[in-house]
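Peer 1: Below you will find the structure I want to go over with you.
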Amino acid sequence: MKPAAFDYHAPGTVEEAVALLAELGDDAKVLAGGQSLIPMLALRLTAFDHLVDVCRIPELQGVQQRDGGVRIGAAVRHAQVGTSPEVAAAAPLLTLATPLVGHFQIRNRGTLGGAIAHADPAAEYPAAALALDATMDIASPTGRRTLTAQEFFTDLWTTAMEPDEMLVGVTFPAWGGRSGFAVEEFARRHGDYAIAGAEVAVELDETDRVRRCAIGLVALGPTPERPREAEAELVGRPVSEIDPAEVGRLAMAGLTAVTSDGNGSADYRRRVGAAMVARAWTRAVADASTEGAA
């Protein structure tokens, strides 16, 4: 099938882009990498009279160190995220998650901003943004505002952005000290969306107690999930006394919206999710311990 006819717009600035979105209203859709939108258009699962291509806007490009973290422009490709030394230094979880984003063709065209604004709970970057307390830089015709990842993701494929707003960039705070990171997910085939996955960050203090931790869950709810109560249970405890299986159970305990689908029942997804959390916790702790030894 082919997409329904649409008008194509290629604004040169953020201001031009949001002005178009305001003028065209619900008939317009932002086109970033297009790796989710174009197949949906081609299959006639959705249709828009206008596509606003933002990939050539200079402000949406580039990766910069900022305030001890890293800011990534919304139009930066997945492949660039995965190979950026600035990202690897400030947000290693993104570096680890990138190879799991589809196939290399998708990573060469897809954008970080497109993946996050699409808000697919089975995608890797939204879970990383939530786990790392990323902030979203959003533009509209009336100005700019910033939202936390917790505020940004509101429902399945839905964000807090208004129709005349667009994502300009995402800032990820850096973790210091003895920090370790890991990503684990289970899918039927490499490149498929995960049945369940986990992205874990752990920081240990000088006595090998958990100073802080963050767990981002993939494909275990209508939005990316973060089991904050489980994280709170782990902080302050000696890491040697924490059973990874316990971490998995704690992470699944508060989930209430896991659904059944063709990939398995809700109960099955929870079991897989617990196993992925346990594996990622083990690897993240080993990474943090290695950091301390170095």
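Counting from 1, position 210 in the sequence shown corresponds to residue 1313 in our numbering; the numbering is continuous, with no gaps. Note that beta-carbon positions come from the ideal geometry of N, C-alpha and C, so glycine has one too. Please read these numbers as outputs of a predicted model, since none were measured by experiment.
1) What's the call for phenylalanine 1207, buried or exposed, on a 16-neighbour Cβ count within 10 Å?
2) Residues in the same chain with beta-carbon distance under 8 angstroms from valine 1166, minus the five sequence neighbours each way, listed in chain order, please.
3) Nearest by alpha-carbon distance to alanine 1277: which of Leu1196, His1112 and Asn1211 is it?
4) Helix, strand or coil for aspartate 1223? Go by DSSP, reduced to three states.
5) Does the beta carbon of glutamate 1118 sit closer than 7 angstroms to a beta carbon anywhere in chain D?
6) Tell me the DSSP bridge mates of aspartate 1390?
7) Going by other Cβ atoms of all chains shown within 10 Å of its Cβ, with 16 needed for buried, is leucine 1148 buried or exposed?
8) Roughly how many angstroms separate the alpha carbons of glycine 1351 and glycine 1205, rounded to a whole number?
9) Tell me the rounded alpha-carbon separation between alanine 1145 and aspartate 1346.
10) Buried or exposed for leucine 1270, going by 16 or more other Cβ atoms inside 10 Å?
11) Please give the ranges of any alpha helix (DSSP H) in the segment 1305-1362, keeping only runs that are unbroken, at least 4 residues long and fully inside the region.
12) Can you tell me the Cβ-Cβ gap for alanine 1354 and alanine 1322, rounded? I've got them flagged as a contact below 8 angstroms.
13) Can you list, in chain order, the stretches of the alpha helix (DSSP H) that have 4 or more residues and sit fully within the segment 1116-1152?
14) Helix, strand or coil for valine 1380 per DSSP?
15) What does the alpha-carbon distance come out to for the pair alanine 1263 and phenylalanine 1255?
16) Hey, alanine 1283 and valine 1305: beta-carbon distance below 7 angstroms or not?
17) Along the chain, which unbroken stretches of the beta strand (DSSP E) at least 3 residues long are found entirely within the segment 1244-1272?
18) Return the residue from the list Lys1105, Ile1209, Cys1158 and Asp1308 that minimises the CA-CA distance to histidine 1293.
19) Considering Cα atoms alone, identify which of Gly1171, Asp1170 and Ala1232 is closest to threonine 1198.
Peer 2: With the structure as the only source:
1) exposed
2) If we look at valine 1166 and ignore the five residues flanking it on each side, its Cβ neighbours are Val1173, Arg1174, Ile1175, Gly1176, Val1179, Gln1183, Val1184, Ser1187, Glu1189 and Val1190.
3) Leu1196
4) coil
5) Structure shown: chain D not included; a single protein chain is present.
6) None, per the DSSP bridge assignment.
7) exposed
8) 25 angstroms
9) 47 angstroms
10) buried
11) 1331-1337 and 1347-1356
12) 13 angstroms between Cβ atoms; not a contact.
13) Fully enclosed alpha helix (DSSP H) runs of 4 or longer: 1117-1127 and 1140-1145.
14) Valine 1380 falls in the helix class under three-state DSSP.
15) Spanning the two alpha carbons is a distance of roughly 5 angstroms.
16) Note on residue identity: the sequence assigns glycine, not alanine, to residue 1283. Yes.
17) 1246-1251 and 1256-1258
18) Closest in C-alpha terms to histidine 1293, from the list Lys1105, Ile1209, Cys1158 and Asp1308, comes Ile1209.
19) Closest by alpha carbon: Ala1232.
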